[in-house]
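Student: Okay, handing you the structure first.
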Amino acid sequence: MLHRYELLAINDNLTELGIKRIRKVGHHTEFEQIKEYVKGDDYRTVNWKASARRHELMVNVYRDERSQPIYNVIDKGRVMQQAFHGMTLLDYAINASLVLSYMAMRKEDKAGLITFDEHFDTFVPASRQPGQMQALLEQLYAQQTSFGETDFSSLCICLNKRVNKRSLLILYTNFSGMGSMNRQLPYLRQLNRQHRLLVVFFEDTDLKAYIEEPAKDTEGYYRHVIAEKFIFEKRLIVSTLKQHGIYSLLTTPGNLSVNVINKYLEMKSRHLL
Numbered sequence: 001m002l003h004r005y006e007l008l009a010i011n012d013n014l015t016e017l018g019i020k021r022i023r024k025v026g027h028h029t030e031f032e033q034i035k036e037y038v039k040g041d042d043y044r045t046v047n048w049k050a051s052a053r054r055h056e057l058m059v060n061v062y063r064d065e066r067s068q069p070i071y072n073v074i075d076k077g078r079v080m081q082q083a084f085h086g087m088t089l090l091d092y093a094i095n096a097s098l099v100l101s102y103m104a105m106r107k108e109d110k111a112g113l114i115t116f117d118e119h120f121d122t123f124v125p126a127s128r129q130p131g132q133m134q135a136l137l138e139q140l141y142a143q144q145t146s147f148g149e150t151d152f153s154s155l156c157i158c159l160n161k162r163v164n165k166r167s168l169l170i171l172y173t174n175f176s177g178m179g180s181m182n183r184q185l186p187y188l189r190q191l192n193r194q195h196r197l198l199v200v201f202f203e204d205t206d207l208k209a210y211i212e213e214p215a216k217d218t219e220g221y222y223r224h225v226i227a228e229k230f231i232f233e234k235r236l237i238v239s240t241l242k243q244h245g246i247y248s249l250l251t252t253p254g255n256l257s258v259n260v261i262n263k264y265l266e267m268k269s270r271h272l273l
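The sequence shown begins at 1 in full-length UniProt numbering and counts up one residue at a time.
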């Protein structure tokens, strides 16, 4: 799987696996060179002074900003024990974090890892040095969920001590509803003030499949109403986080890897890292 993503990253043929081609908004700050205009170049990049000197159209070439720290932050608490198609949410998060780390390093960003539950657990500093993927694989290989409630305060404290440079934090967690999100909101806001936070949480595909089946009796209607309330609250969490300036991604477990990569590329193109 990683090899397929590598080829896509090199060739920018990202649509094969559902990864969107993102139009860059404006230009990144890293100027690379001036070159002759060729068909398809953006007219907004024309360098008119250079064109006048050369008596032909010349364009500025920009490259993506590089060496930006990207941390996959994985919640290992009991909220990540829920299973879909034989894999827990933690399993999906581990797979997505590996693929995203690989993609980020192909884009010359730095990839790091943080895991936590009742306590701050794993910390791998962001890097793109040779051997970084192996270090991430070794740390993620034996990760397991715990039965306790995740302590977001310990995450904030340890991040404040260990990550000094503003980074993109991709937080994989889950919320059962608005109540569970509101309990963590003060910590999410704190993380977002110090870094750029992307909160990734999950749609319950079993619940969605359940409400698509017609209710057969009064109890069935009652259960449908409860299920629809849970689904609505997930969407409400997205809008609430947005009101606080926090980016989020609500995704099915099966589409997690592709959707996270799409979000990373989108945020990078909009200079949000």
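By construction, the Cβ of each residue, glycine as well, lies at the ideal position given by its N, Cα and C atoms.
Do Arg-189 and His-244 have their CB atoms nearer than 7 Å?
Tutor: Yes, Cβ-Cβ distance for Arg-189 and His-244 is below 7 Å.
Student: What residues are listed by DSSP as bridge partners for Ile-70?
Tutor: In the DSSP output, where bridge partners are listed per residue, Ile-70 has Ala-111, Leu-168.
Student: Since Glu-36 sits in a beta bridge, which residues does DSSP pair it with?
Tutor: Paired residues: Met-58.
Student: Roughly how many whole angstroms lie between the Cα atoms of Glu-149 and Asp-117?
Tutor: Near 7 Å, if we compare the C-alpha coordinates of Asp-117 and Glu-149.
Student: Does the distance from the CB of Tyr-71 to the CB of Ile-114 come in under 7 Å?
Tutor: Taking 7 Å as the Cβ cut-off, Tyr-71 and Ile-114 qualify as a contacting pair.
Student: What are the start and end residues of the beta strand (DSSP E) that includes Asp-121?
Tutor: Unbroken beta strand (DSSP E) run through Asp-121: 120 to 127.
Student: Just verifying my parser: in three-state terms, what is the DSSP assignment at Thr-88?
Tutor: Looking at Thr-88 - three-state DSSP - the assignment turns out to be strand.
Student: Just to confirm my understanding: we take Ser-167, look at its own chain, exclude 5 residues before and 5 after, and list those with CB closer than 6 Å. What are they?
Tutor: Result list for Ser-167: Pro-69, Tyr-71, His-195, in chain order.
Student: DSSP state of Ser-175, grouped into three classes?
Tutor: In the sequence under discussion, the amino acid at residue 175 is Phe, which differs from the Ser named in the question. Here Phe-175 sits in coil by DSSP.
Student: Can you round the beta-carbon distance between Leu-100 and Ile-237 to whole angstroms, since I take them to be within the 8 Å contact cut?
Tutor: Incorrect: roughly 22 Å between the Cβ atoms, too far for contact.
Student: Between the region 249 to 266 and the region 196 to 203, are three or more C-beta pairs nearer than 8 Å?
Tutor: Judged by Cβ distances under 8 Å, the region 249 to 266 makes contact with the region 196 to 203, as three or more pairs qualify.
Student: For Val-260, does the three-state DSSP call read helix, strand or coil?
Tutor: Helix at Val-260.
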